[in-house]
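In the numbering used here, the protein residues as written are 1 to 225.
Every residue gets a Cβ at the ideal spot worked out from N, C-alpha and C, and that includes glycine.
Have a look at the structure below before the remarks.
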Ligand code: ADE
């Protein structure tokens with residue numbers, strides 16, 4: 001899978017997506033993440049990418065021209081399944097969205113910054129608008145990084161047995177069960193006996209019950225869906 005991300009502050013993405021599972025997937029060639037610095041399409045000698053909004057009001061807006069030039073260049077080289085704008089008024093991102101996006105071949109994510117992007121980009125280029133939650137962060141970069149991480153780790157072959165996504169929280173609309181590692185006793189605090197029993201079926205049942213119990217207690221809304 002290929003994920004292209006256009007950003008006004010690319011360094012925010014480079015470090016976030018350059019470690020651990022996602023970096024290993026990139027090294028293995030399972031995942032290509034291409035971060036494009038919008039400023040390289042900036043106008044004039046100052047490489048301007050933002051300007052005041054028409055009608056007045058606080059906050060800068062990412063200009064149409066650098067974004068169009070950038071998106072057109074990318075579209076000439078790649079066929080995108082989705083061109084996504086990350087924005088607090090988009091559709092709320094969740095695990096089932098991540099699952100279906102992980103089956104796509106090519107996506108382009110446009111990050112807003114400051115007040116956002118010129119509306120005409122949204123009308124003429126964007127196919128999907130996604131929010132990571134009902135709060136506002138300073139720019140779309142972290143939202144894009146979160147989406148690229150959640151989607152990228154689900155690309156076939158990225159996770160191995162130890163990191164399998166099947167037991168993640170939300171994967172089956174349940175929270176994950178608690179996990180423990182050695183030592184079995186610390187400070188008199190014991191790991192549940194069943195996990196030491198070696199009885200696979202009983203362990204699976206215990207984990208399912210714990211998932212259900214935790215979901216009922218912490219996120220009953222997930223069970224109502
Ligand atoms: N940009 C600023 N806030 C955001 C949010 N909650 N989701 C996606 N992009 C954003």
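Buried versus exposed call for residue i [16 or more other C-beta atoms within 10 Å across all chains shown]
i           : result
residue 199 : exposed
residue 156 : exposed
residue 175 : buried
residue 101 : buried
residue 225 : exposed
residue 4   : buried
residue 179 : exposed
residue 7   : buried
residue 62  : buried
residue 177 : buried
residue 77  : exposed
residue 154 : buried
residue 184 : exposed
Rounded distance between the beta-carbons of residue j and residue i, thought under 8 Å
i           : j           : result
residue 145 : residue 13  : 5 Å
residue 136 : residue 88  : 5 Å
residue 126 : residue 110 : 7 Å
residue 108 : residue 84  : 7 Å
Identified DSSP bridge partners for residue i
i           : result
residue 7   : 37
residue 57  : Its beta-bridge partners do not exist; DSSP assigns none.
residue 139 : 113
residue 106 : 2
residue 86  : 111, 130
Worksheet item: Does the segment 91-107 come within contact of the segment 39-51, defined as at least 3 CB pairs closer than 8 Å?
Response: no
Fill in: Residues with C-beta closer than 6 Å to any heavy atom of the ligand ADE, in chain order
86, 87, 88, 112, 131, 132, 133, 135, 136, 137, 140, 143
Worksheet item: Would you say the segment 162-171 touches the segment 29-41, given that touching needs at least three Cβ pairs under 8 Å?
Response: no
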